[in-house]
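Engineer: As you go down the protein sequences, you meet chains W, V and F in turn. End of the first sequence = 348 in my numbering, gap-free, step of one. End of the second sequence = 348 in my numbering, gap-free, step of one. End of the third sequence = 348 in my numbering, gap-free, step of one. Take a look at this one; I'll ask things after.
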Amino acid sequence: MDLKEIAKIIDAELIGENFEVSGMNTLKDASKSEISFVSNSKYIKEIQDTHAGAIIVDKKSLEFVPQGCSALVVDFVYWQMATLTKYFAPTIEDETLPHAKIGEGSKISAKAEIANGAIIGKNCTIMAHVYVGANSVIGDNTILYPSVVVYRDCKIGNNCVIHANTTIGSDGFGFATNKMGEHNKIYQNGNVVIEDDVEIGSSTTIDRAAFATTLIKKGVRIDNLVQIGHNCIIGEYSVLVAQSGISGSTTMGRNVVMGGQSATAGHLTIAPFTTMAARSGVTKSIKESGVTFSGFPLMEHKLWLKLQAKIAKLIV
Amino acid sequence: MDLKEIAKIIDAELIGENFEVSGMNTLKDASKSEISFVSNSKYIKEIQDTHAGAIIVDKKSLEFVPQGCSALVVDFVYWQMATLTKYFAPTIEDETLPHAKIGEGSKISAKAEIANGAIIGKNCTIMAHVYVGANSVIGDNTILYPSVVVYRDCKIGNNCVIHANTTIGSDGFGFATNKMGEHNKIYQNGNVVIEDDVEIGSSTTIDRAAFATTLIKKGVRIDNLVQIGHNCIIGEYSVLVAQSGISGSTTMGRNVVMGGQSATAGHLTIAPFTTMAARSGVTKSIKESGVTFSGFPLMEHKLWLKLQAKIAKLIV
Amino acid sequence: MDLKEIAKIIDAELIGENFEVSGMNTLKDASKSEISFVSNSKYIKEIQDTHAGAIIVDKKSLEFVPQGCSALVVDFVYWQMATLTKYFAPTIEDETLPHAKIGEGSKISAKAEIANGAIIGKNCTIMAHVYVGANSVIGDNTILYPSVVVYRDCKIGNNCVIHANTTIGSDGFGFATNKMGEHNKIYQNGNVVIEDDVEIGSSTTIDRAAFATTLIKKGVRIDNLVQIGHNCIIGEYSVLVAQSGISGSTTMGRNVVMGGQSATAGHLTIAPFTTMAARSGVTKSIKESGVTFSGFPLMEHKLWLKLQAKIAKLIV
């Protein structure tokens with residue numbers, strides 16, 4: 033698809049050169065053959081540094097588009113960007129891909145479904161009613177318990193254990209909303225990558241990225257019923273206790289501990305070795321590492337204990 | 033089954049005419065051929081307006097039963113009503129129903145199970161290990177990702193997307209409890225209806241109604257690990273973020289937003305365009321539309337911010 | 033495997049007699065042929081009363097090992113104990129076990145998977161995409177809805193109903209962590225036992241015990257998306273509302289009610305007939321029965337209401 037065709041799809045005015053478009057991406061990650069967008073004035077600075085070949089903008093932001101970069105001018109950037117994502121979404125399954133490859137020593141249940149294009153490593157155990165999607169890759173010695181679902185294009189490392197009914201790579205919760213209150217799906221064309229030695233509990237959900245990758249690093253431990261939003265990065269050896277929830281695009285350093293039912297807002301950065309007590313609610317990035325927090329709003333655990341003592345006195 | 037037989041099952045005294053009973057329902061929704069019940073004195077006013085053919089009551093409430101309506105007099109209304117629900121529960125699967133009908137262009141995985149009596153629309157994608165129960169109807173262009181479970185008698189509209197491991201139509205959490213602390217299941221004989229253009233995340237649970245319908249209206253967006261109790265009505269274009277929970281019989285207007293890990297109590301009405309911040313806990317109905325709330329107990333978001341500032345000062 | 037071999041595996045000094053080891057267990061539950069461990073000085077008192085044949089200890093604790101009990105002396109007890117659990121883990125499936133036995137009148141979907149060694153009682157309904165693991169036993173008249181997963185060695189009683197996508201017996205969240213922040217899995221070699229007349233909602237997760245049994249007693253009602261950690265005991269007729277979470281090794285008496293999104297910390301004891309309002313957070317054991325609590329930190333519900341009134345006044 034070239035830029036002219038795209039301009040038609042999203043009803044945009046094309047300013048600049050036409051070229052063959054390979055995909056969509058964020059301003060930061062887009063390459064010369066990709067389209068990006070700027071829908072929020074706080075990202076205007078990022079326009080300067082983008083390598084995107086074209087940017088979807090509104091009239092107000094047009095002047096910030098750098099030389100040599102094409103512009104697609106529309107009225108509602110976020111809505112039109114969402115419309116376009118559909119055109120870059122791969123099919124859910126693709127029968128033209130080669131049959132799945134299964135490594136030596138792997139036991140695949142006859143009741144599992146391994147889609148075309150998938151690759152399973154050596155000595156894996158893939159149990160009944162597991163689904164592994166197109167082009168997904170599972171490393172060596174990995175166990176997928178019954179009814180685990182891995183969507184297409186994801187990657188799971190070596191020596192991982194994923195417990196029953198867990199979902200890897202379902203769509204992130206992304207959509208644009210217009211003035212009528214209607215929603216327009218942002219197709220989630222990224223993936224999930226899980227590195228080696230990760231264990232994940234049952235009925236946990238890890239969403240695929242809108243663009244790029246949701247990343248679970250080496251040695252992470254995730255409990256049951258945990259939610260990880262699209263584009264999160266969970267640092268090495270981090271521990272996410274049951275029913276905790278990490279909103280989209282949050283990045284954690286290594287050995288972060290999230291207690292049971294704790295949660296973070298989106299787009300935060302959490303320093304390594306941070307500990308959140310159970311039920312913590314994190315709304316701001318944490319820069320100093322090694323600190324233990326509690327509460328919602330969040331505060332240092334020591335302070336929270338003090339505060340609860342003070343609050344208790346209010347009753348007297 | 034006629035009223036006399038029912039009187040025997042629940043050990044009731046029958047006062048009034050006998051008739052053939054078609055089912056059970058609430059006072060508000062019951063028709064002439066249905067039985068209802070009143071177990072809580074605050075619903076006694078509703079007796080006057082009911083169209084039910086018969087009502088299960090205790091001796092104290094007997095006098096409120098309107099003329100022409102039969103009464104089944106028992107000692108423990110709620111317990112005996114629960115006992116009776118079992119007799120109106122359909123079988124889980126029914127081999128006498130006709131084979132499922134599959135619309136043109138739909139791709140049904142050989143590893144999916146479509147029960148007899150189900151109807152799948154056109155151009156659907158029904159993936160591996162999906163279950164669609166008896167008499168359930170799926171609209172056109174709808175995608176059910178792997179291991180989605182749709183119980184019997186439910187209805188899903190056109191252009192819906194339901195992500196992996198999500199359950200539609202499991203039994204609502206209903207039971208009567210006696211003085212010994214024992215529980216008696218209230219069979220959930222209603223269903224779930226999901227209108228067009230709805231997207232639902234992974235490992236979300238939407239319970240079928242006890243009677244009537246749990247309703248998800250057009251254009252709603254539901255994230256992962258969300259709980260929706262029996263008999264809820266979720267208004268058009270509402271947005272339920274991950275791990276939020278809506279208790280039974282709560283009705284939301286259009287474009288309500290429930291933040292992550294927020295929750296409502298049951299039997300509430302939430303005005304359209306209400307926004308609940310993450311972790312909000314809603315215990316009373318909300319009448320004014322367009323307001324943003326926070327906290328538990330709930331308050332206007334602005335007030336909550338003020339209050340947190342005051343609370344923080346307690347530590348000094 | 034005898035004690036000498038085990039000493040080699042975990043690089044321990046063996047003091048005392050060698051014997052053939054049958055398994056691992058807690059100090060309290062271990063028998064003469066089992067190994068236990070003491071990694072926390074607060075359990076040193078329990079050493080005196082243990083029946084374990086051998087105990088993994090560090091040098092400091094060696095002196096407390098009772099006469100006639102062998103000692104395996106290591107530097108890092110918890111880490112080495114974790115290492116050893118792997119050697120006692122059964123295979124996930126075992127083709128040498130006899131074919132599953134199915135009781136009279138039971139309907140097993142052709143798309144369910146019943147592993148070798150499993151036993152299904154009479155008149156059960158085992159629906160599509162259910163998995164029942166090796167040696168697991170299902171009682172009479174029990175219904176497993178689609179995509180329920182029961183891991184090996186578990187036991188479910190008579191007249192139980194387990195809704196779709198629920199997982200029984202996945203691994204508890206157990207691991208040792210070294211000074212490098214790396215984790216070492218504690219294989220969960222116990223099981224889950226669910227007694228008669230229990231109903232469990234959809235996408236709920238109940239973890240198997242590390243050693244011994246996670247126990248759900250007669251008549252319990254569990255809603256959707258509930259988390260029950262390893263080694264918990266849930267008392268008769270208790271009610272766990274949606275999205276509540278019970279941390280590992282907590283024991284509840286009968287008829288405890290946990291409201292929606294409530295939670296307990298681990299290793300607590302909750303008195304019978306305790307009620308926790310929605311969102312309660314329980315961090316200490318509750319000794320007096322029949323009391324209603326709220327809040328986090330937890331307090332009596334009446335107090336909590338008073339406190340919220342006082343807090344509300346802070347804004348004025």
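Built from N, CA and C at the ideal position, the CB exists for glycine as well. Only a predicted model underlies this, so the values are computations on that prediction, with no experimental measurement involved.
Report the rounded CA-to-CA distance for Ile152 (chain W) versus Lys133 (chain W), giving the unit in angstroms.
Structural biologist: Residue numbering aside, residue 152 (chain W) sits at position 120 when the first sequence is read from its first letter. Residue numbering aside, residue 133 (chain W) sits at position 101 when the first sequence is read from its first letter. Distance between the alpha carbons of Ile152 (chain W) and Lys133 (chain W): 6 angstroms.
Engineer: If we define contact as Cβ-Cβ less than 8 angstroms, is Asp335 (chain F) a contact residue for chain W?
Structural biologist: What you label residue 335 (chain F) is simply residue 303 of the third sequence in a count that begins at 1. Just to set this straight, residue 335 (chain F) is Leu in the shown sequence, not Asp. Taking Cβ atoms only, chain W reaches closer than 8 angstroms to Leu335 (chain F), which makes this a yes.
Engineer: Which one of F:Ile226, F:Tyr110, F:Ala144 has the shortest CA to CA distance from Val169 (chain F)?
Structural biologist: Residue mapping note: residue 169 (chain F) aligns to position 137 of the third sequence, counting from 1. Val169 (chain F) has its Cα closest to that of F:Ile226, out of F:Ile226, F:Tyr110, F:Ala144.
Engineer: On the criterion of 16 or more Cβ atoms from any shown chain inside 10 Å, does Leu116 (chain W) qualify as buried, or is it exposed?
Structural biologist: Position 84 of the first sequence, counting from 1, holds the residue named residue 116 (chain W). Buried.
Engineer: By the three-class DSSP mapping on this structure, what secondary structure does Tyr269 (chain W) have?
Structural biologist: Counting from 1 along the first sequence, the entry for residue 269 (chain W) is found at position 237. Note: Tyr269 (chain W) maps to coil in three-state DSSP.
Engineer: Can you tell me whether His161 (chain F) is helix, strand or coil according to DSSP?
Structural biologist: Along the third sequence, one-based indexing puts residue 161 (chain F) at 129. His161 (chain F) falls in the coil class under three-state DSSP.
Engineer: Please list, in chain order, the residues of the stretch 321 to 332 of chain V that have any C-beta partner in chain F closer than 7 angstroms.
Structural biologist: The stretch 321 to 332 of chain V vs chain F, Cβ under 7 angstroms: Phe328, Pro329.
Engineer: Starting from Glu45 (chain V), trace the beta strand (DSSP E) in both directions and tell me its first and last residue.
Structural biologist: Against the second sequence, residue 45 (chain V) aligns to sequence position 13. Residues 45 to 47.
Engineer: Can you name the start and end residues of the beta strand (DSSP E) that Ile218 (chain V) belongs to?
Structural biologist: In the second sequence, residue 218 (chain V) corresponds to position 186, counting from 1. No beta strand (DSSP E) holds Ile218 (chain V); DSSP gives it neither H nor E.
Engineer: Could you check whether the Cβ of Ser54 (chain V) sits closer than 8 angstroms to any Cβ belonging to chain W?
Structural biologist: Here residue 54 (chain V) corresponds to residue number 22 of the second sequence, with the count starting at 1. No, Ser54 (chain V) lies away from the interface with chain W (no Cβ there is under 8 angstroms from its Cβ).
Engineer: Determine the direct distance from the alpha carbon of Lys345 (chain F) to that of Val162 (chain V), and round the result to whole angstroms.
Structural biologist: Indexing the second sequence from 1 puts residue 162 (chain V) at position 130. Indexing the third sequence from 1 puts residue 345 (chain F) at position 313. Looking at the two C-alpha atoms, the distance is approximately 53 angstroms.
Engineer: Are any of the Cβ atoms in chain V nearer than 8 angstroms to that of Ser138 (chain F)?
Structural biologist: Walking along the third sequence from the start, residue 138 (chain F) turns up at place 106. False, the Cβ-Cβ gap to chain V never drops below 8 angstroms.
Engineer: What in chain F is Cβ-close to Leu257 (chain V), meaning under 7 angstroms?
Structural biologist: As a first step, residue 257 (chain V) must be located in the second sequence, where it is residue number 225. Those are Leu257, listed as they occur along chain F.
Engineer: If we ignore side chains and look at the alpha-carbon of each, how far apart do Gly233 (chain V) and Pro122 (chain W) end up?
Structural biologist: Residue mapping note: residue 233 (chain V) aligns to position 201 of the second sequence, counting from 1. Residue mapping note: residue 122 (chain W) aligns to position 90 of the first sequence, counting from 1. About 19 angstroms.
Engineer: Is the Cβ of Met159 (chain W) closer than 8 angstroms to any Cβ of chain F?
Structural biologist: As a working mapping, residue 159 (chain W) is identified with position 127 in the first sequence. Taking Cβ atoms only, chain F reaches closer than 8 angstroms to Met159 (chain W), which makes this a yes.
Engineer: Identify which residue in V:Ser54, V:Ser102, V:Ser270, V:Ala39 has its Cα closest to the Cα of Thr209 (chain W).
Structural biologist: Numbered from 1 along the first sequence, position 177 holds the residue referred to as residue 209 (chain W). Selected option, being the one with the closest Cα: V:Ser270.
Engineer: I need the DSSP call for Ala208 (chain W), collapsed to helix, strand or coil.
Structural biologist: On the first sequence, residue 208 (chain W) is found 176 positions in, with the first residue counted as 1. Note: Ala208 (chain W) maps to strand in three-state DSSP.
Engineer: Could you work out which residue in F:Ala142, F:Ile87, F:Glu231 is closest to Thr174 (chain F) when comparing CA atoms only?
Structural biologist: The residue given as residue 174 (chain F) occupies position 142 in the third sequence. It is F:Glu231.
Engineer: For the stretch 165 to 197 of chain F, which residues have a beta carbon sitting closer than 9 angstroms to at least one beta carbon of chain V?
Structural biologist: Cβ contacts with chain V come from Ile175, Tyr177, Pro178, Ser179, Val193, His195, Ala196, Asn197.
Engineer: Using CA coordinates, which residue listed in W:Tyr110, W:Ser93, W:Ser102 is at the minimum distance from Ser73 (chain W)?
Structural biologist: Residue mapping note: residue 73 (chain W) aligns to position 41 of the first sequence, counting from 1. With distances taken between Cα atoms, Ser73 (chain W) lies closest to W:Ser93.
Engineer: With Glu66 (chain F) as the anchor, note down where its alpha helix (DSSP H) starts and where it stops.
Structural biologist: If you number the third sequence from 1, residue 66 (chain F) lands on position 34. Premise fails: Glu66 (chain F) lies in the beta strand (DSSP E), 66 to 69, not in any alpha helix (DSSP H).
Engineer: By how many angstroms is the C-alpha of Ile158 (chain V) removed from the C-alpha of Val89 (chain V)?
Structural biologist: Mapped onto the second sequence, residue 89 (chain V) falls at position 57. Mapped onto the second sequence, residue 158 (chain V) falls at position 126. Cα to Cα, Val89 (chain V) sits roughly 46 angstroms from Ile158 (chain V).
Engineer: Decide yes or no for the touch test of the stretch 258 to 270 of chain F against the stretch 283 to 291 of chain F: beta carbon pairs closer than 8 angstroms, at least 3 of them.
Structural biologist: Touching, yes.
Engineer: Quick check: what's the CA-CA separation for Glu95 (chain F) versus Ile79 (chain F)?
Structural biologist: Sequence index remark: in the third sequence, residue 95 (chain F) carries index 63 (1-based). Sequence index remark: in the third sequence, residue 79 (chain F) carries index 47 (1-based). Cα to Cα, the separation comes out at about 10 angstroms.
Engineer: Candidates V:Lys217, V:Lys250, V:Ala241: which alpha carbon is nearest Gln112 (chain V)'s?
Structural biologist: Counted from its first residue, the second sequence places residue 112 (chain V) at position 80. The residue with the shortest Cα to Cα distance from Gln112 (chain V) is V:Lys217.
Engineer: Measure from the C-beta of Leu300 (chain F) to each C-beta in chain W and report whether the shortest distance is under 8 angstroms.
Structural biologist: Numbered from its first residue, the third sequence carries residue 300 (chain F) at position 268. Not an interface residue.
Engineer: Name the residues in the stretch 306 to 321 of chain W whose C-beta lies less than 7 angstroms from a C-beta of chain V; which are they?
Structural biologist: The residues in question are Gly313.
Engineer: Does the stretch 128 to 148 of chain F touch the stretch 236 to 246 of chain F, meaning 3 or more C-beta pairs lie closer than 8 angstroms?
Structural biologist: No, because fewer than three Cβ pairs between the stretch 236 to 246 of chain F and the stretch 128 to 148 of chain F fall closer than 8 angstroms, the two stretches do not touch.
Engineer: Are the stretch 43 to 61 of chain F and the stretch 327 to 337 of chain V touching, with three or more C-beta to C-beta distances below 8 angstroms?
Structural biologist: Because the criterion of three Cβ pairs below 8 angstroms is not met, the stretch 43 to 61 of chain F and the stretch 327 to 337 of chain V do not touch.
Engineer: Helix, strand or coil for Leu129 (chain F) per DSSP?
Structural biologist: Position 97 of the third sequence, counted from the first residue, corresponds to residue 129 (chain F). If DSSP states are grouped into helix, strand and coil, Leu129 (chain F) belongs with coil.
Engineer: What does Ser279 (chain W) touch in chain V if you count any residue whose Cβ is under 7 angstroms from its own?
Structural biologist: For the purposes of this step, residue 279 (chain W) is identified with residue 247 of the first sequence, where counting begins at 1. Under the 7 angstroms cutoff, chain V gives Gly292.
Engineer: Could you check how far apart the C-beta atoms of Phe108 (chain W) and Tyr219 (chain W) are, in whole angstroms? I think they sit under 8 angstroms.
Structural biologist: Working through the first sequence from its first residue, we reach residue 108 (chain W) at position 76. Working through the first sequence from its first residue, we reach residue 219 (chain W) at position 187. 17 angstroms between Cβ atoms; not a contact.
Engineer: Please identify the residue among F:Arg311, F:Thr307, F:Ile38, F:Lys118 whose C-alpha is closest to the C-alpha of Gly213 (chain V).
Structural biologist: On the second sequence, residue 213 (chain V) is found 181 positions in, with the first residue counted as 1. It is F:Thr307 whose Cα lies nearest to the Cα of Gly213 (chain V).
Engineer: Assuming Ala114 (chain F) contacts Phe207 (chain F) (C-beta within less than 8 angstroms), just tell me the rounded distance between them.
Structural biologist: Working through the third sequence from its first residue, we reach residue 114 (chain F) at position 82. Working through the third sequence from its first residue, we reach residue 207 (chain F) at position 175. At roughly 6 angstroms, the Cβ-Cβ gap stays under 8 angstroms, so Ala114 (chain F) and Phe207 (chain F) are in contact.
Engineer: Are the beta-carbon atoms of Ser202 (chain F) and Asn197 (chain V) separated by less than 8 angstroms?
Structural biologist: Within the third sequence, residue 202 (chain F) is the residue found at index 170, counting from 1. Within the second sequence, residue 197 (chain V) is the residue found at index 165, counting from 1. No, the pair does not count as a contact, with Cβ atoms beyond the cut-off.
Engineer: Which first and last residues belong to the alpha helix (DSSP H) in which Asp90 (chain F) is found?
Structural biologist: Numbered from its first residue, the third sequence carries residue 90 (chain F) at position 58. Run containing Asp90 (chain F): none; DSSP gives neither H nor E here.
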